[in-house]
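Q: Chains A and B are the protein sequences, given in the same order. What the first sequence shows, in the numbering used here, is residues 11 to 351, in sequence order. What the second sequence shows, in the numbering used here, is residues 11 to 351, in sequence order. Virtual Cβ for every residue (Gly too), placed ideally from N, Cα, C. In this text the structure is predicted, and so the values were computed from the model without any measurement.
There are 2 protein chains.
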Amino acid sequence: MTDVRKQTIGKQSIQFEHAVHILSGASIVGKKEGDGPLGKYFDVIGGEDGMFGCQSWEEAESVLQKEAVTMAIGKAELEKWQIRTIYVGDLLAQTIASSFGIIEFDTPVYGLYGACATMGEALSLSSMAVAAGYGDYVVAVTSSHFGSAEKEFRFPLGYGNQRPLSATWTVTGSGACVLGTKGGKARITGITTGKIIDFGLKDSLNMGACMAPAACDTIYQNMMDFNRMPEDYDRIITGDLGEVGQRILFDMLKVKGFDIEKQHMDCGIEIYDKESQDTHAGGSGCGCSAVTFASYILPKIEKGEWKRVLFVPTGALLSKVSYNEGKSVPGIAQAVVVEHC
Amino acid sequence: MTDVRKQTIGKQSIQFEHAVHILSGASIVGKKEGDGPLGKYFDVIGGEDGMFGCQSWEEAESVLQKEAVTMAIGKAELEKWQIRTIYVGDLLAQTIASSFGIIEFDTPVYGLYGACATMGEALSLSSMAVAAGYGDYVVAVTSSHFGSAEKEFRFPLGYGNQRPLSATWTVTGSGACVLGTKGGKARITGITTGKIIDFGLKDSLNMGACMAPAACDTIYQNMMDFNRMPEDYDRIITGDLGEVGQRILFDMLKVKGFDIEKQHMDCGIEIYDKESQDTHAGGSGCGCSAVTFASYILPKIEKGEWKRVLFVPTGALLSKVSYNEGKSVPGIAQAVVVEHC
Numbered sequence: 011m012t013d014v015r016k017q018t019i020g021k022q023s024i025q026f027e028h029a030v031h032i033l034s035g036a037s038i039v040g041k042k043e044g045d046g047p048l049g050k051y052f053d054v055i056g057g058e059d060g061m062f063g064c065q066s067w068e069e070a071e072s073v074l075q076k077e078a079v080t081m082a083i084g085k086a087e088l089e090k091w092q093i094r095t096i097y098v099g100d101l102l103a104q105t106i107a108s109s110f111g112i113i114e115f116d117t118p119v120y121g122l123y124g125a126c127a128t129m130g131e132a133l134s135l136s137s138m139a140v141a142a143g144y145g146d147y148v149v150a151v152t153s154s155h156f157g158s159a160e161k162e163f164r165f166p167l168g169y170g171n172q173r174p175l176s177a178t179w180t181v182t183g184s185g186a187c188v189l190g191t192k193g194g195k196a197r198i199t200g201i202t203t204g205k206i207i208d209f210g211l212k213d214s215l216n217m218g219a220c221m222a223p224a225a226c227d228t229i230y231q232n233m234m235d236f237n238r239m240p241e242d243y244d245r246i247i248t249g250d251l252g253e254v255g256q257r258i259l260f261d262m263l264k265v266k267g268f269d270i271e272k273q274h275m276d277c278g279i280e281i282y283d284k285e286s287q288d289t290h291a292g293g294s295g296c297g298c299s300a301v302t303f304a305s306y307i308l309p310k311i312e313k314g315e316w317k318r319v320l321f322v323p324t325g326a327l328l329s330k331v332s333y334n335e336g337k338s339v340p341g342i343a344q345a346v347v348v349e350h351c
Numbered sequence: 011m012t013d014v015r016k017q018t019i020g021k022q023s024i025q026f027e028h029a030v031h032i033l034s035g036a037s038i039v040g041k042k043e044g045d046g047p048l049g050k051y052f053d054v055i056g057g058e059d060g061m062f063g064c065q066s067w068e069e070a071e072s073v074l075q076k077e078a079v080t081m082a083i084g085k086a087e088l089e090k091w092q093i094r095t096i097y098v099g100d101l102l103a104q105t106i107a108s109s110f111g112i113i114e115f116d117t118p119v120y121g122l123y124g125a126c127a128t129m130g131e132a133l134s135l136s137s138m139a140v141a142a143g144y145g146d147y148v149v150a151v152t153s154s155h156f157g158s159a160e161k162e163f164r165f166p167l168g169y170g171n172q173r174p175l176s177a178t179w180t181v182t183g184s185g186a187c188v189l190g191t192k193g194g195k196a197r198i199t200g201i202t203t204g205k206i207i208d209f210g211l212k213d214s215l216n217m218g219a220c221m222a223p224a225a226c227d228t229i230y231q232n233m234m235d236f237n238r239m240p241e242d243y244d245r246i247i248t249g250d251l252g253e254v255g256q257r258i259l260f261d262m263l264k265v266k267g268f269d270i271e272k273q274h275m276d277c278g279i280e281i282y283d284k285e286s287q288d289t290h291a292g293g294s295g296c297g298c299s300a301v302t303f304a305s306y307i308l309p310k311i312e313k314g315e316w317k318r319v320l321f322v323p324t325g326a327l328l329s330k331v332s333y334n335e336g337k338s339v340p341g342i343a344q345a346v347v348v349e350h351c
C-alpha cells in the first residue's frame, strides 16, 4: 500500500512536497563577534561587557533571544500573535536561557536540545510543521553566550585558564528565523536528520574532532538520500567544526568518495579573525551557526548569489557531569537544504 | 486563500486529518516505583540500589531509556532499523541520559527539553511527524532517575536533607511508545501545544504549585480549541502536579468555569502510596508520566475502558543556576488527545 502522504526519501531525509519559505532572519551578537569579519552583517552588536544591561550572563542570553525573535518577527512584517509556535534551544542546563528568553511572547513553544546543532534541529522541526499545515508562521531560534557557556561547561572565567589551539570560542549571540507557507526569497526544500555518532573522543577542548564524524555522516547521507554530488550545492556549511574539525571532515568524506573542499564553509571559521582575535580553532555554540545563517548565509541565498545551500549545524553531546565521569563526547549534525526562490 | 493542508484548530491545537496510531508502550522502573500501587503494570522493575548494573546514576538512566525503547520496538513487532526517528529527552543538563541512552539504536534523533512535560512534547512532535508522512514508525521516549535528578537540581543525597510536604519524589524510570500510521488499539487524534506560564513562584520544593497554572492554561485551551467539556474526556491526566498542584489546578479551572474533579487523575499521585512510601506530595520527573502512560493509561485506552483521554504532562522550568540567581520557576504543559480505536 502506498501512502500518498509519504515525503521521506532515502534513509534519513525528507523532501517537502510544499517547500517552506524563510520570511526573515535576524541576529544580535556580542562585541567580539561584531569586531569579527562578519561584523557588518549583524543587526545589533552589544557592548564590551557582554551583559546587555543585565545582572547575569544567563539573563543576558535570554535578552539575546528575545531581541532576535522580536527583530525577526518585525522584519517579516508580522505581529507576535501571528506566530503559531516557537522552536527554541540553547546550551545551558535545562535550556534556561530559552525559557526566560521567549516567555514574554506568550506563544506555544517546543524546547529543543541538540547541543550546537540546535539551529539545524529548530529549522528542521519548524519547517516540518509548516510544510504539514500545522501553522502559517513559526519561529526557529537559538542562542549561546561566551560567559554562560564557559561557566556551564568548563572553568570559571576568573581562573584565566590557558586554552589549547584546538579549543573554540563560544559565540555570544542569538539568531532567529520566521518560517511560513509563502513569501520571502529563500525556502527550505528538504532536511536530513542526524544520528548520534561516537568515535570515542574525550577531549572537550577539541570539539571539532568530536563533531566531524557526525558532520561527515549527515552530509554523506544527505547526498545519498537526495542523489546529489557536492557540486549540486553552492555551499555546504557546517556549524562550528573550526579548523581542526574541518580537516577531519574533508579526510573522512574523501574516504567515502566525496571531495567538498570547494563547497565547504564553516560558520565557526568565518565568524572570527583567528590572528587578531585569539580565538584559536574558531567560533562555536548554538548561536554561532544561528547568527551566521540569519545574517550572512540567508541574505546571500535571498539575493540568488547562492542558489542551493546545505546548512549543517554540528553539536558535541556532553555535560560537565558526563565529561567528569569519563564518558566520550559523541556528535550530532542536523542538515537543512535551503534554496533561492 | 484556504490552505487545504491546514490542520490547526483554535489558538494552540492541531486536529490530525489522519490520526496517529500508538503501536506499543513499554516501561522500566526502579524498586520504589515497583513497590507502589502501579507496580504490577510495569514491564521491568530494577533492584534496590537503582544502579541497573551501572557505575553511575547517569549511566543507569541511559540504560533505562535503552531498555524501554528496545521493549517498545519488540512489542510492536518491529526491528530497530524500521524506526525512522527517535524523539527523546530527560531532565539532566544537556539531556545526557538521552544521548547515551539511544546512541546504540543508530537511528536519526531529535533531542527535546520540556522539563517533566517532555513526554507530552515527544508524543506531540512524533505524532505530528507521522501524521504528515515523515516516517512510518517513530519512537517517543523520556526518562528520569531519583539519584541523578537530586544531584542535578537539589542536594547531594548523602546530606539527607529534610523534604517539605510539598516536595515530590523523582521517579526512576523510562517509558517509550512506538507510533505509526496504522495498527494498535489507541490513537492520537490531536494535540495542544503549551505556553510558558509564570506566576512568579520561586520554591523548587513546591513544583506542583509552579506547574499548576500551566496545566490550567493548556487544559483550558484544549477545551476551547476542540469545543469540548471535561465530560468529553473519560480522564484528564496531568503528569506530576502532586496533591498540592492538583488542588490549585481544580481551583484555577473552576474560576474559568470548568470543573474537572470527576475526570482528573495525576500520574504523580497514582505512582506512589503516600502513606507507606513517604513520598510527600507525589511522584515527579520526565519518567513519571512516561511510565504511567506506557503501562497503565495506554492499556486502559487499548481495552476501551477509557474511550478518550487528555494526557497532559507538566514541567517546571528551572535549573540550579536560574534558581540560585533568584529567578522564578515557570511551568509548561503539553497535551495529547488519545482515543480508543
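1. Tell me the rounded alpha-carbon separation between residue 201 of chain A and residue 137 of chain A.
2. Relative to chain B, which residues along the segment 246-269 of chain A have a C-beta separation below 7 Å, given in chain order?
3. Would residue 347 of chain B count as contacting chain A if we go by Cβ distances under 8 Å?
4. Consider the Cβ of residue 197 of chain A: report whether some Cβ of chain B lies at a distance smaller than 8 Å.
5. Strictly under 8 Å for the Cβ-Cβ distance: is residue 122 of chain B near chain A by that measure?
6. Determine, for residue 157 of chain A, whether the minimum Cβ-Cβ distance to residues of chain B falls below 8 Å.
7. Is DSSP giving residue 25 of chain B helix, strand or coil here?
8. Residue range of the beta strand (DSSP E) that residue 184 of chain A falls in?
9. Are the segment 37-46 of chain A and the segment 177-189 of chain A touching by the rule of at least three beta carbon pairs closer than 8 Å?
10. Judging by CA-CA distance, which residue of A/248, A/258 and A/262 is the nearest neighbour of residue 277 of chain A?
11. Starting from the beta carbon of residue 145 of chain B, find every residue of chain A whose beta carbon is closer than 7 Å, and list them in chain order.
12. How many angstroms separate the CA atom of residue 235 of chain A from the CA atom of residue 235 of chain B?
13. For residue 217 of chain A, is the classification buried or exposed, using 16 other Cβ atoms within 10 angstroms of its Cβ as the cut-off for buried?
14. Give me the DSSP bridge partner(s) of residue 276 of chain B.
15. Assuming contact is defined by CB atoms lying nearer than 8 Å, are residue 321 of chain A and residue 348 of chain A in contact in what I supplied?
16. Secondary structure at residue 91 of chain B, three-state DSSP: helix, strand or coil?
17. For a cutoff of 8 Å on Cβ pairs, would you count residue 37 of chain B as touching chain A?
18. Alpha carbon to alpha carbon, what distance is there between residue 17 of chain A and residue 306 of chain A?
19. Could you name the residues of the segment 194-224 of chain A whose beta carbon sits closer than 7 Å to any beta carbon of chain B, in the order they occur along the chain?
20. Which whole-angstrom value describes the C-beta separation of residue 174 of chain B and residue 215 of chain B, a residue pair presumed to lie in contact below a C-beta threshold of 8 Å?
21. Buried or exposed, going by whether 16 or more other CB atoms sit within 10 Å of the CB of residue 65 of chain A?
22. Consult DSSP for residue 282 of chain A and reduce its assignment to one of helix, strand or coil.
23. Using 8 Å as the threshold, is the segment 267-274 of chain A in touch with the segment 138-158 of chain A, meaning 3 or more CB pairs across them?
24. In whole angstroms, what is the alpha-carbon distance linking residue 11 of chain B and residue 341 of chain A?
25. Based on the DSSP output, what are the partners of residue 260 of chain A in its beta bridges?
26. Take residue 117 of chain B and list the residues in its own chain whose beta-carbon comes closer than 6 Å to its own, dropping the five residues that flank it on each side.
27. Under 8 Å, do residue 325 of chain B and residue 187 of chain B count as touching if we go by C-beta distance?
28. Which residues of the segment 320-334 of chain B have a Cβ closer than 8 Å to any Cβ of chain A? Give them in chain order.
29. Output needed for residue 135 of chain A: all residues of its chain with C-beta closer than 6 Å, excluding positions within five of it in sequence on either side, in chain order.
30. Determine, using beta carbons only, whether residue 74 of chain B and residue 153 of chain B come nearer to each other than 8 Å.
31. Quick check: the segment 194-210 of chain B against the segment 21-36 of chain B, are there 3 or more CB pairs under 8 Å?
32. Quick test of the definition: if touching needs 3 or more C-beta pairs under 8 Å, does the segment 327-342 of chain B touch the segment 307-314 of chain B?
33. Between residue 141 of chain B and residue 285 of chain A, what straight-line distance do the alpha-carbon atoms span, to the nearest angstrom?
34. Where DSSP assigns a beta bridge to residue 19 of chain B, which residues make up the other side?
35. Kindly say whether residue 52 of chain A, judged by its beta-carbon, lies nearer than 8 Å to any beta-carbon of chain B.
36. Within 10 angstroms of the Cβ of residue 232 of chain B, are there 16 or more other Cβ atoms? Answer buried if so, exposed if not.
A: From the atom records:
1. As a working note, residue 201 of chain A is residue 191 in the first sequence. As a working note, residue 137 of chain A is residue 127 in the first sequence. Near 9 Å, if we compare the C-alpha coordinates of residue 137 of chain A and residue 201 of chain A.
2. none
3. Indexing the second sequence from 1 puts residue 347 of chain B at position 337. Judged by the 8 Å Cβ criterion, residue 347 of chain B is not in contact with chain A.
4. Stepping through the first sequence from its first residue, residue 197 of chain A is reached at position 187. It does not; no Cβ of chain B falls within 8 Å.
5. Start at 1 with the first residue of the second sequence, and residue 122 of chain B comes out as number 112. At least one chain A Cβ lies under 8 Å of residue 122 of chain B.
6. For the purposes of this step, residue 157 of chain A is taken as residue 147 along the first sequence, with counting starting at 1. Chain B contact via Cβ: absent.
7. What you label residue 25 of chain B is simply residue 15 of the second sequence in a count that begins at 1. Strand.
8. Taking the first residue of the first sequence as position 1, residue 184 of chain A is located at position 174. Note, residue 184 of chain A: beta strand (DSSP E), 183-190.
9. yes
10. Numbered from 1 along the first sequence, position 267 holds the residue referred to as residue 277 of chain A. Of A/248, A/258 and A/262, the residue nearest in Cα terms is A/248.
11. As a working note, residue 145 of chain B is residue 135 in the second sequence. Within 7 Å Cβ-Cβ: 18.
12. The sequence position of residue 235 of chain A within the first sequence is 225, counting from 1. The sequence position of residue 235 of chain B within the second sequence is 225, counting from 1. So the alpha carbons of these two residues sit roughly 39 Å apart.
13. Counting from one through the first sequence, the residue named residue 217 of chain A turns up at place 207. Under this definition residue 217 of chain A is a buried residue.
14. Numbered from 1 along the second sequence, position 266 holds the residue referred to as residue 276 of chain B. According to DSSP, residue 276 of chain B bridges with B/248.
15. Within the first sequence, residue 321 of chain A is the residue found at index 311, counting from 1. Within the first sequence, residue 348 of chain A is the residue found at index 338, counting from 1. Taking 8 Å as the Cβ cut-off, residue 321 of chain A and residue 348 of chain A qualify as a contacting pair.
16. Walking along the second sequence from the start, residue 91 of chain B turns up at place 81. Residue state, collapsed to three classes: helix.
17. In the second sequence, the residue the question calls residue 37 of chain B occupies position 27. Not one chain A Cβ lies under 8 Å of residue 37 of chain B.
18. For this step, residue 306 of chain A is matched to residue 296 along the first sequence. For this step, residue 17 of chain A is matched to residue 7 along the first sequence. Roughly 30 Å separates the two Cα atoms.
19. 203, 204, 205, 206 and 208
20. If you number the second sequence from 1, residue 174 of chain B lands on position 164. If you number the second sequence from 1, residue 215 of chain B lands on position 205. Indeed, because the Cβ distance is near 5 Å, the residues count as touching under 8 Å.
21. In the first sequence, the residue the question calls residue 65 of chain A occupies position 55. That one is exposed.
22. As a first step, residue 282 of chain A is located in the first sequence; it is residue number 272 there, counting from the start. Three-state result, residue 282 of chain A: coil.
23. no
24. Translated into the one-based positions of the second sequence, residue 11 of chain B becomes position 1. Translated into the one-based positions of the first sequence, residue 341 of chain A becomes position 331. With a pLDDT of only 41 at residue 11 of chain B, under the threshold of 50, the placement of this residue in the model should not be trusted, and no figure is reported.
25. The residue you call residue 260 of chain A lines up with position 250 of the first sequence. Paired residues: none, contrary to the question.
26. Working through the second sequence from its first residue, we reach residue 117 of chain B at position 107. The answer, listed in chain order, is 93 and 96.
27. Taking the first residue of the second sequence as 1, we reach residue 325 of chain B at position 315. Taking the first residue of the second sequence as 1, we reach residue 187 of chain B at position 177. For residue 325 of chain B and residue 187 of chain B, no; Cβs fall outside 8 Å.
28. 327, 328, 329, 330, 331 and 332
29. Along the first sequence, one-based indexing puts residue 135 of chain A at 125. Excluding positions up to five away in sequence, the list reads 97.
30. Mapped onto the second sequence, residue 74 of chain B falls at position 64. Mapped onto the second sequence, residue 153 of chain B falls at position 143. Cβ distance < 8 Å, so residue 74 of chain B and residue 153 of chain B count as in contact.
31. yes
32. no
33. Taking the second sequence and counting its residues from 1, one reaches residue 141 of chain B at position 131. Taking the first sequence and counting its residues from 1, one reaches residue 285 of chain A at position 275. Cα to Cα, the separation comes out at about 51 Å.
34. Working through the second sequence from its first residue, we reach residue 19 of chain B at position 9. Answer is B/23.
35. Along the first sequence, one-based indexing puts residue 52 of chain A at 42. With 8 Å as the cut-off, residue 52 of chain A does not count as an interface residue toward chain B.
36. On the second sequence, residue 232 of chain B is found 222 positions in, with the first residue counted as 1. The residue in question, residue 232 of chain B, is buried, as its Cβ has 16 or more Cβ neighbours within 10 Å.
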